[in-house]
Amino acid sequence: MKKISILGSTGSIGTQTLDVISQHPDKFRVVALAAGKNIDLLKEQILKFRPLAVSVEDEKSASMLASQISTSQTQILYGQDGAETLAQMNEADLVVSAMVG
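Residue 101 in the numbering used here sits at position 78 of the sequence shown; the count goes up by one each step and never skips.
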């Protein structure tokens with residue numbers, strides 16, 4: 024099973040990647056997701072894929088997300104450092120970079 028981090032999970036490429044992963048749950052496991060400020064969609068993705076960690080654009084978004092998924096074991100990071108941490112996770116076999124910029 025390939026373990027995948029997706030940077031830009033709420034954008035077009037990120038959501039399409041997650042659609043493919045959904046069709047092959049025996050082949051892929053999502054270990055990390057990074058998004059900007061689309062907290063609502065990221066929350067849905069967290070509940071569905073149960074990643075080890077996620078990252079959002081800023082501290083305010085991280086706080087909002089934390090209050091909405093308080094029962095989740097997912098670690099919440101933010102900012103450029105958060106995205107870089109996800110990109111370097113030892114748990115991931117593959118990183119899909121679908122971020123703008």
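No residue lacks a Cβ here, since even glycine has one placed at the ideal position from N, Cα and C. None of the values given here were measured: they were computed from a predicted structure.
Closer than 6 Å by C-beta to residue i: which residues in its own chain qualify, once you throw out the five before and the five after it? Chain order, please.
| i | result |
| --- | --- |
| residue 113 | none |
| residue 123 | none |
| residue 72 | 53 |
Under three-state DSSP, which class holds residue i?
| i | result |
| --- | --- |
| residue 25 | strand |
| residue 120 | strand |
| residue 78 | strand |
| residue 92 | coil |
| residue 115 | coil |
| residue 55 | strand |
Check the C-beta distance from residue i over to residue j and give it rounded, since I have them as a contact under 8 Å.
| i | j | result |
| --- | --- | --- |
| residue 61 | residue 33 | 4 Å |
| residue 127 | residue 89 | Any question about residue 127 goes unanswered here, given that the chain covers just 24 to 124. |
| residue 31 | residue 120 | 7 Å |
| residue 106 | residue 27 | Residue 106 to residue 27, Cβ: 15 Å. No contact. |
Here's a check: name, in chain order, each residue in its chain whose Cβ is nearer than 8 Å to the Cβ of residue i, leaving out the five neighbours to either side.
| i | result |
| --- | --- |
| residue 98 | 75, 76 and 77 |
| residue 70 | 92 and 95 |
| residue 108 | 76, 78 and 100 |
Using DSSP's beta-bridge definition, name the partner residues of residue i.
| i | result |
| --- | --- |
| residue 99 | 77 |
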